[in-house]
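Following: one structure in structure tokens, then a few remarks.
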Amino acid sequence: MESSKDNLRAPVSQKPHVIEKPKDTSGIGGMITVEINEKKITVPLGTTILEACNDNQIHIPTLCHHSDLCIAGVCRICVVEVEGMRTLQAACAFPITAPLKIKTSTPMVRKARRHILDLMLSEHYGECYSCFRNQNCELQALAKEYGVDEYTFGHVNTPRYEVDRSSASVIRDMNKCILCKRCVRTCIDLQEVGVLEAINRGHETHIGTFLDKPLADVICINCGQCINRCPTSALRANDPSDEIWAAIDDPTKHVVIQTAPSPRAGIGEEFGLEPGHSLTGEMNTALRRIGFDRVFDTNFTADLTIMEEGTELLNRLKKVIVDKDTTVKLPQFTSCSPGWVKFIEHFYPEYLDYLSTAKSPQQMFGAVIKTFYAQETGIDPKDIVSVALMPCSAKKFECNRPEMRDSGFKDVDYGLTTRELAKMIKEAGIYLPEMPKSHFDEPFGDASGAGLIFGATGGVMEAALRTVYELVTGREVPFTNLNIEPCRGFDGIKQASVLLENCKDEYSFLEGVEVKFIVAHGTANAKKVMELLRKGLLSDVHFVEIMACPGGCIGGGGQPIPTSEEIRKKRAEAIYAEDESLTLRKSHENPHVQYIYEKFLTEGPCSHKSHELLHTHYTKRGRFIA
Amino acid sequence: MDISINKSPRQGAVLFSPYLRGEGIQKALEIGRENILFEIRESKLKGRGGAGFPTATKWMLVAASVAKEKFIVCNADEGEPGTFKDRVLLLEYPELVFDGIVIAGYTIGAKEGIIYLRGEYEYMLQSLEDYLSKMREDNLLGNSILGQEGFDFDISIRLGSGAYVCGEETALIESLEGNRGEARNRPPYPVNTGYMNRPTVVNNVETLASVPHILLKGGEWFKKYGTDKSTGSKLFSVSGDCTRPGVYELPWGTKISELLEIVGGENAKAVQVGGASGSCIPRSQFDRTLAYEDAATGGSIIIFDKNRSMLKVLKNFMEFFVEESCGQCTPCRIGNVKLLEGIKDIERRNYTFSYINKLKDLGRTMQVASKCGLGQSSPNAFISILENFKEEIFNYNGFGGTNGK
């Protein structure tokens, strides 16, 4: 799966140019013994000094290095002494290919690190106590580690750059930037979007956008992956918590919050818990104590999404197979990830017809709250303030889209990230892990495990298959314990199929059809899939799930910092474990979903009314500017 | 074949000695790769850009690689302040440079040579292209060069865009690949993973220009000039306070005082050897020799007489580095700014010695912790000028210092 040359790829940031490691390290020359701090250590050829040290309890400070990204070697904080070399070497960037003698804590090394730190601090504007990354800042942690008690080389007293607040999702404050270029490598190499790159040189170097335009005016997809990897607070999400507090404090407002599946799997990290602790019940209680009038589960509309999107898929299949309608596009792509939606709008606008028209669960819930819920409870929708707790920075942009006002109001008023909610909970004097557990509120109640696993890459596909297969054949999906393993795991692109046999009469046209599906996460992988589509290689595929963020929503741009593949795996495990603990694990069996189709969307999925409220359309956007 | 002896009036033992176009290539094809490498190694030729890496070693590493594609890149970025000898070579002795590239290509097994030409030298692009066309006509480039079956080689010229850092070989390669000019992490070195991730030799113009002469007259002959560790002769770009500035070919090991006599710079109080990134040598050390092992230089010699303010000289250098740092690594990007601010503090007579000493210490960190040669050498001037001209600088405008120009 390689992308074609003619495809306008984002510019390449500096690649690691790493020496290839031997495939079989047991052969002669596969392993090599080095001396680190006079201790003999044997490592595979090509291991970096940093990796060798990490594996042997030798701590090396890092700033520009990140396990998800290619090597940069620019901050120089990780320098070490290598015998025989005139200069110090960056441990993160130095592959071991010879029996070296390395020293990681000599006077020269310590002095150099301190100097480098002092230089960064001299340019880092602002004070720690007025910074949202206070106590979760890698620069601050290093200053503590090195006992910095004064600004040796001075400190900036006035900001050099204007803070870019143009984007609904991401705020950029270059005054805090230490030019580690993690955001550049995230945007160009990890996500292949290519919005951020270094501009100018020398002291004028800063991270900028195309023509230095505001972020809202360029092709940023709002995925927020740059935020998750920024070591300081140069990048952060656009925080609506002040407005939410104001709404909570306003007695005339009825403030409801829907909570997506991923925040509950990640929020514990903000309270010092190890990754992988789900705090669903605790969070419900905390939200009520903060003052939210109702706490709903976004999984309800995830289940609803499955009904709508699954029905849409069956409709498309029928039109293609039975009606021989050539205008209908297959494969159908999921549309739950607003980062992915904006990505395809910018980069592949000619393929928008392949996207499911179903809104994302957040926006479906928004529309349902200000219509059905308002009607059921008799509350005037203009008095309802609808908040969405999301693992995502792009959701902030999504709820501000002009087309997301089908209830007659702004369907969702505020998108709140996991990090921002954690801050609100702390501000309210609550220690989340010790809260008693409680359930979600009626009339939407607790949702299915199928909705829950939306949080991990492959989850939407798995949930959809559980429902579509059963709708078509009347039987459960043929996987042990409903766990559709081919959908799971962190491979960039997963591909599998399910054979439809002994279909119900109304779906006899699907008899013997092998439903092929693809799951991809991270827009770099999305790009690969789209290039396959462009080359016509996806003609036998029926359904494609794409999530903009690596790992899916659990790795979203609003999730706790730091992030790494290990952390994302633990969050995913927490979600899958919770799904398995539930009795209700199929979207179509969710009684509240059945209720809304009985009471409100009486014509069923993909009907006129559901199209009005639960479906949307997309916008073609520019390739270079928004 | 149009054979012309160059008409340049310049005089010198090696580079400025007579040479017939194509002669070196002819000889190279006669003696074969092993003997070329032997002669180059025998000559102990070292890189003329300033770093002084043994040319034979570089060539052997790439020649020994089994990669299908290899490249020879001629570094004609000549950005070091005060150096203009590559310009002379390219304008007046293109036959030496181009023949050197062809020989290098033949030896390492490259099919393509690239000249990375300094952006400001765009004016010579046409004449160089014309020269290349002539070489193609005469089968000194192209397929089966001079009838040697299987030796296909051509040279292309690429223009830089004026960034000093692109003279650093890995930044140059990034720039050639169309990326932002920033130094790469080393290792891997260009001889393993260079242009387009292929083994690549990057040589200075002067290094390549020395090769044809070495092949024709032998490594032994080349070694007759210079010192033990610095063999052969060197082009010096001499500028500043002297009566006869220009490009001179002198053997390595020439004393600074001897050079000053030749160029009419006897009144110098200081000589900047090696350009802005070199070091500043005061009159008391004029008996030092120009050589890799003593006062090393890529060729830049800037002479200052007693009317110059060394603080202004230093400020000028530091302003240059603040502007020309590529900005990727911390020590160089911010360190140079701090050094420059320190100089401005001295200028304003608003400084403490303890802070100036801290800055010198910072300079020493920059020398070892910066990512590439730019940041590693930019504090040289700061450290050497403050060290060697203490009295003048710290009595600046005070007790008998100069007003400077």
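Protein chains in written order, with my numbering: chain A, 13 to 638; chain B, -8 to 396. Positions of the beta carbon are idealized from the N, C-alpha and C atoms, including for glycine.
- For His266/A, DSSP records a beta bridge to Ile396/A.
- Our two residues, Phe106/A and Leu57/A, have alpha carbons roughly 11 Å apart in a direct line.
- DSSP, reduced to helix, strand and coil, places Arg171/B outside both helices and strands of the structure shown, so it counts as coil.
- Annotation: Gly390/A to Val332/A spans about 43 Å, alpha carbon to alpha carbon.
- Chain A has no Cβ within less than 8 Å of the Cβ of Thr48/B.
- Residue environment analysis places Arg98/A among the exposed positions, since fewer than 16 neighbouring C-beta atoms fall within 10 angstroms of its C-beta.
- The three-state secondary structure of Asp145/B, taken from DSSP, is strand.
- With the criterion set as a beta carbon lying under 7 Å from some beta carbon of chain A, the members of the region 337 to 351 of chain B are Lys349, in sequence order.
- Here Arg184/A is bridged, per DSSP, to Asp176/A and Leu247/A.
- Taken atom to atom, the span from the alpha-carbon of Cys323/B to that of Ser361/B is near 6 Å.
- Per DSSP, Gln276/B lies in no beta strand (DSSP E) segment and is marked neither H nor E.
- When C-beta distances to chain A are compared with 8 Å, every residue of the region 210 to 224 of chain B stays at or above that value.
- Using beta-carbon distances, Thr356/B counts as an interface residue toward chain A, with a partner under 8 Å.
- Ranked by Cα distance from Ala259/B, the options Pro273/B, Ala267/B and Lys246/B are led by Pro273/B.
- Taking Met376/A as the centre and dropping the five residues before and after it, the same chain places the C-beta of Thr313, Leu316, Thr317, Glu320, Ala370, Leu625 and Leu626 closer than 8 Å to its C-beta, in chain order.
- For Gly104/B, the enclosing beta strand (DSSP E) has its first and last residue at Glu103 to Leu108.
- Assignment of Asn298/B by DSSP, reduced to helix, strand and coil, places it in the coil class.
- At a cut-off of 8 Å between C-beta atoms, Arg88/A counts as an interface residue with respect to chain B.
- The beta-carbon of Asn176/B is placed less than 8 Å from the nearest beta-carbon of chain A.
- Taking the C-beta atoms as reference points, Ser460/A is found no nearer than 8 Å to Arg546/A.
- Boundaries of the alpha helix (DSSP H) around Gln367/B: Gly364 to Ser368.
- By the Cβ test, the region 152 to 165 of chain A is in contact with the region 122 to 133 of chain A, since at least three Cβ pairs between them sit closer than 8 Å.
- Legend: CB atoms of the region 200 to 232 of chain A lying less than 8 Å from CB atoms of chain B belong to residues Glu209, Ala210, Asn212, Arg213, Gly214, His215, Glu216 and Thr217.
- Closest option to Thr198/A, judged by alpha-carbon separation, among Pro574/A, Ile108/A and Cys242/A: Cys242/A.
- One finds Val359 and Ala360 in chain B with Cβ atoms closer than 8 Å to the Cβ of Leu100/A, taken in chain order.
- Taking Phe409/A as the centre and dropping the five residues before and after it, the same chain places the C-beta of Ala180, Ser181 and Asn234 closer than 6 Å to its C-beta, in chain order.
- DSSP, read as helix, strand or coil, puts Asn327/A in helix.
- Following the DSSP letters along the chain, one finds Cys348/A in no alpha helix (DSSP H), marked with neither H nor E.
- Contact between the region 175 to 195 of chain B and the region 101 to 120 of chain A is present: three or more C-beta pairs spanning the two stretches fall below 8 Å.
- Those residues of the region 149 to 173 of chain A placed with their C-beta closer than 9 Å to a C-beta in chain B are Thr164, Phe165 and Gly166, ordered along the chain.
- Taking 8 Å as the cut-off, the Cβ atoms of Arg213/A and Ser316/B count as close.
- Gly85/A and Ser248/B have their C-alpha atoms roughly 43 Å apart.
- Here Ser291/B is buried: its Cβ has 16 or more other Cβ atoms, across all protein chains shown, within 10 Å.
- About 12 Å separates the beta carbon of Gly564/A from that of Gly504/A, a gap too long to meet the 8 Å contact definition.
- A distance below 7 Å between beta-carbons, with the five flanking residues on each side excluded, links Ser622/A to the following residues of its chain, in chain order: Glu320 and Leu613.
- Scanning its chain for C-beta atoms nearer than 6 Å, with the 5 sequence neighbours on each side dropped, one finds around Tyr519/A the residues Val484, in chain order.
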